[in-house]
């Protein structure tokens, strides 16, 4: 882990160890993951001391905003970025559409949810230390 996470003797520290599965498995052949015959494994791991960090949490719903979007993917971006391959973090939604991105440095981010051909984006989301910012997304046409 770079930079290293250090915990001193006799100290208790909350640490997040996050495996980013969307960037860990690479299909072979790369251009057709649904018919891949094998996968290359390159673990992408993030370790964060949670003290002083914030988070973004909310719900993703289908068009109309009444039905939860189960198994949607939520991407966290630096402001202005939109390419999922350059996401700072990703997570999936639960069956009820809820998601959470934790262990984030305070600052400004863009959040995008995708499910199939539908997506939703909220820009300029402010994350504060030791708190969660609520961001709900309603999917729609791209």
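In my numbering, the protein residues as written are -5 to 136. Idealized CB from N, CA, C, for every residue including glycine. Just so we're clear, the structure is a prediction, and the values are computed from it rather than from any experiment.
Taking a C-beta distance under 9 angstroms as the contact criterion, residue 42 and residue 12 qualify as a contact pair. Within the same chain, Cβ atoms closer than 7 angstroms to the Cβ of residue 128 are found at 51 and 52, the five residues on either side in sequence being excluded. Excluding sequence positions up to five before and after residue 20, its CB lies within less than 7 angstroms of the CB of 33, 34 and 36, all in the same chain and listed in chain order.
When the Cα atoms are used, residue 109 and residue 4 turn out to be separated by approximately 45 angstroms.
Close CB contacts of residue 93 within its chain, under the 6 angstroms cut and outside five residues either way in sequence, are with 68, 85 and 87 (chain order). Remark: C-beta atoms of residue 95 and residue 70 approach each other more closely than 9 angstroms. The Cβ atoms of residue 14 and residue 83 sit closer than 9 angstroms to each other. Scanning its chain for C-beta atoms nearer than 8 angstroms, with the 5 sequence neighbours on each side dropped, one finds around residue 102 the residues 73, 118, 119, 120 and 121, in chain order.
Residue 62 sits in a strand when the DSSP states are folded into three classes. Here the C-alpha atom of residue 76 lies approximately 37 angstroms from the C-alpha atom of residue 6.
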